[in-house]
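Asks: If you're matching them up, the sequences are chains A and B in order. So the mapping is simple: my numbering equals the position in the first sequence, first residue as 1, plus 80. So the mapping is simple: my numbering equals the position in the second sequence, first residue as 1, plus 16. Each residue gets a CB set at the ideal place from its N, CA and C atoms; glycine is no exception. Keep in mind the model is a prediction, meaning the values are calculated, not measured.
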Amino acid sequence: MFQIFTDFASWLVYGQIGLTAETKLGDALHFFVEDVSKIFVLLLLMIYIIALVRASLNIERVRDYLADKHKGLGYILGSTLGAITPFCSCSSIPVFLGFTSAGIPIGITMAFLVTSPLINEVAVLLLVSLLGWKFTLLYVVVGMGIGIISGVFLDFINAQRWLKSFAAEALERGRQESNVADPHEVESTITMLERHRFAVEETTDIFGRVWKWVILGVGLGAALHGFVPDGWIETHLGDGQWWSVPAAVLLGIPLYSNATAVIPVMESLIVKGLPVGTTMAFCMSTVAASFPEFILLKQVMQWRLLAVLFSLLLVAFTLAGWLLNIADPFI
Amino acid sequence: MKTVKVLGSGCKKCIKAAELVEAVALELGVEVNIEKESSPEAMLAYGVMSTPAIVIDETLVHSGSIPSRESVVNWLNG
Chain A
81 MFQIFTDFAS WLVYGQIGLT AETKLGDALH FFVEDVSKIF VLLLLMIYII ALVRASLNIE
141 RVRDYLADKH KGLGYILGST LGAITPFCSC SSIPVFLGFT SAGIPIGITM AFLVTSPLIN
201 EVAVLLLVSL LGWKFTLLYV VVGMGIGIIS GVFLDFINAQ RWLKSFAAEA LERGRQESNV
261 ADPHEVESTI TMLERHRFAV EETTDIFGRV WKWVILGVGL GAALHGFVPD GWIETHLGDG
321 QWWSVPAAVL LGIPLYSNAT AVIPVMESLI VKGLPVGTTM AFCMSTVAAS FPEFILLKQV
381 MQWRLLAVLF SLLLVAFTLA GWLLNIADPF I
Chain B
17 MKTVKVLGSG CKKCIKAAEL VEAVALELGV EVNIEKESSP EAMLAYGVMS TPAIVIDETL
77 VHSGSIPSRE SVVNWLNG
């Protein structure tokens, strides 16, 4: 089904431009054209279809749904909803406060917020088309696992102690009121036309935001693919040397990117022989452990909680990386 | 004189939303006082979970996207 994009790239790069597959430039350019055309077509199609289905899911509904859930189930649901709810990092503060003031425990809220940047429909789509469904499943399981475990841990250490006082008060108020049914909840039904409108808006919005990231990510991936000698990565990092995983996580911190840009880079790294665990640790760190995001959270959290959360994520990515490297031969 | 608050974290959409309200108000000749609010306390107070959100004379009328021109006209005329 994806063959058409390979053919298109061959036609353009080898046929029209006249490069050969043996040159580094030809190889890199072919990779670039194939991946960019494939990703663009898939993105437009899939975002539209997913948005059609998702038109009735909004963040207020997610909150109401999470507000009266049993705790154990809450972490899993929080993480799952984080993965499927559309979300932009600029709304992490209002979402955090909205959840908190509904009395939802901080662990469940954080399970949502940690999973959200790691997994979304664009990321899953890219993973399936570039790295296959097996790897995608692994990525989703690890990403959700980290979200859930972080949430459980934060509640275990009573992390709400370290919220800014106004947020802590909102949580307290929310808890006391949480059993009161929401009177303004109106069951809204939406027509197919409204769904279509929403989907078109959503597609233009998301595509408008991510296309540059795709170009950047695939460009980097293509450069890696064409210019890093075969075997170089494998020789130097391919044995899963233990330090390579924490090093990859640390390297990911200053690199702030979103999943869309990082996944094409992952593809190239894996093809070049970087172990799966090391690659995944690097990518998750790039996507989820970023300073801009944490500076936003500073508005509602004390330094102490931010430090705990940051360390928690770094440790989780490192452990996940090691575990995957060990498990790799059996997968 | 209406007081319009645009709540948002300073992202592109919020700025656009504020500009839209300003433009429509000018067009209709309605006197408005537009404030941009980015403090988390304000979002909590109005119960806003997705931005940009629009508050007119202390009532939350919209959240989650740049509003359509028609709705802005309605709010300012209403």
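#1: Quick check: the Cα distance between Met364 of chain A and Ala203 of chain A, rounded to an integer number of angstroms?
#2: Report the rounded CA-to-CA distance for Pro334 of chain A versus Ala328 of chain A, giving the unit in angstroms.
#3: Along chain B, which residues have their Cβ under 9 Å away from the Cβ of Val175 of chain A?
#4: For the alpha helix (DSSP H) containing Val142 of chain A, list its first residue and its last residue.
#5: Under three-state DSSP, which class holds Ser25 of chain B?
#6: With 16 as the cutoff for other CB atoms within 10 Å, does Ile69 of chain A come out buried or exposed?
#7: In this structure, how does DSSP classify Ala69 of chain B when only helix, strand and coil are distinguished?
#8: Return no unless some Cβ of chain A is closer than 7 Å to the Cβ of Glu57 of chain B.
#9: Counting along the chain, where does the alpha helix (DSSP H) carrying Ile173 of chain A start and finish?
#10: Cα separation between Pro174 of chain A and Leu146 of chain A?
#11: Using a beta-carbon distance below 7 Å, is Leu92 of chain B in contact with chain A?
#12: In the segment 28–66 of chain B, which residue ranges form an unbroken alpha helix (DSSP H) of at least 4 residues, counting only runs that do not cross its ends?
#13: Taking only beta-carbon positions, decide if Ser171 of chain A is within less than 7 Å of chain B.
#14: Report the three-state DSSP secondary structure of Val20 of chain B (helix, strand or coil).
#15: Span of the beta strand (DSSP E) holding Ser79 of chain B?
#16: Could you give the distance in angstroms between the alpha-carbon of Glu373 of chain A and the alpha-carbon of Pro197 of chain A?
#17: Is there a C-beta anywhere in chain B that falls below 7 Å from the one on Val380 of chain A?
#18: Below 8 Å on the Cβ atoms is my guess for Leu211 of chain A versus Met346 of chain A; work out the distance and round it to an integer in Å.
#19: Using 10 angstroms around the beta-carbon of Met360 of chain A, count the other beta-carbons present and answer buried if the total reaches 16, otherwise exposed.
#20: Anyone know if the C-beta pair for Ala250 of chain A and Val380 of chain A falls short of 7 Å?
#21: Does any residue of chain B bring its CB to less than 7 Å from the CB of Phe88 of chain A?
#22: On the three-state DSSP scale, how would you describe Leu132 of chain A?
#23: Using beta carbons (cut-off 7 Å, strictly below), is Gly353 of chain A in contact with chain B?
#24: So, at 6 Å on beta carbons, what are the nonlocal neighbours of Val194 of chain A in its own chain, with the 5 sequence-adjacent residues on each side left out?
#25: Using C-beta distances below 8 Å, list every residue in its chain close to Glu265 of chain A, excluding the 5 sequence neighbours before and after it, in chain order.
#26: Just checking: is the beta-carbon of Ala250 of chain A within a distance shorter than 7 Å of some beta-carbon in chain D?
#27: Could you name the residues of the segment 19–41 of chain B whose beta carbon sits closer than 7 Å to any beta carbon of chain A, in the order they occur along the chain?
#28: On the three-state DSSP scale, how would you describe Leu99 of chain A?
Replies: Judging by the given coordinates:
#1: In a straight line, the C-alpha of Met364 of chain A is about 12 Å away from that of Ala203 of chain A.
#2: Using only the alpha carbons, I get a separation of about 11 Å.
#3: By Cβ distance, chain B contributes Met65 and Ser66.
#4: Residues Ile139 to Ala147.
#5: Reduced to three states, the DSSP call for Ser25 of chain B is coil.
#6: A query on residue 69 of chain A cannot be resolved here, the shown segment of chain A reaching from 81 to 411 and no further.
#7: Here Ala69 of chain B sits in strand by DSSP.
#8: Glu57 of chain B counts as touching chain A.
#9: For Ile173 of chain A, the enclosing alpha helix (DSSP H) has its first and last residue at Ser172 to Ser181.
#10: Those two C-alpha atoms are separated by around 16 Å.
#11: No, Leu92 of chain B does not count as interfacial toward chain A.
#12: Here the runs fully enclosed are 28–44 and 56–62.
#13: Answer yes: the Cβ-Cβ gap between Ser171 of chain A and chain B drops below 7 Å somewhere.
#14: It is a strand residue.
#15: Per DSSP, Ser79 of chain B belongs to the beta strand (DSSP E) from Thr75 to Ser79.
#16: Between the alpha carbons of Glu373 of chain A and Pro197 of chain A lies a gap of roughly 10 Å.
#17: Yes, contact with chain B.
#18: Right, their Cβ atoms sit about 7 Å apart.
#19: By the 10 Å Cβ count, Met360 of chain A comes out buried.
#20: For Ala250 of chain A and Val380 of chain A, no; Cβs fall outside 7 Å.
#21: Judged by the 7 Å Cβ criterion, Phe88 of chain A is not in contact with chain B.
#22: In the three-state DSSP reduction, Leu132 of chain A falls in the helix class (H, G or I).
#23: Cβ-Cβ to chain B under 7 Å: no for Gly353 of chain A.
#24: The residues are Gly227 and Ser230.
#25: Because the pLDDT at Glu265 of chain A is just 44, under 50, the model does not fix this residue reliably, and the value given afterwards should be weighed accordingly. Closer than 8 Å at Cβ, skipping near neighbours: Asp144.
#26: The question asks about chain D, but that chain is absent: this structure's protein chains are A and B.
#27: Of all residues in the segment 19–41 of chain B, only Ser25 and Cys27 come within less than 7 Å of chain A when Cβ atoms are compared, listed by chain position.
#28: DSSP, read as helix, strand or coil, puts Leu99 of chain A in coil.
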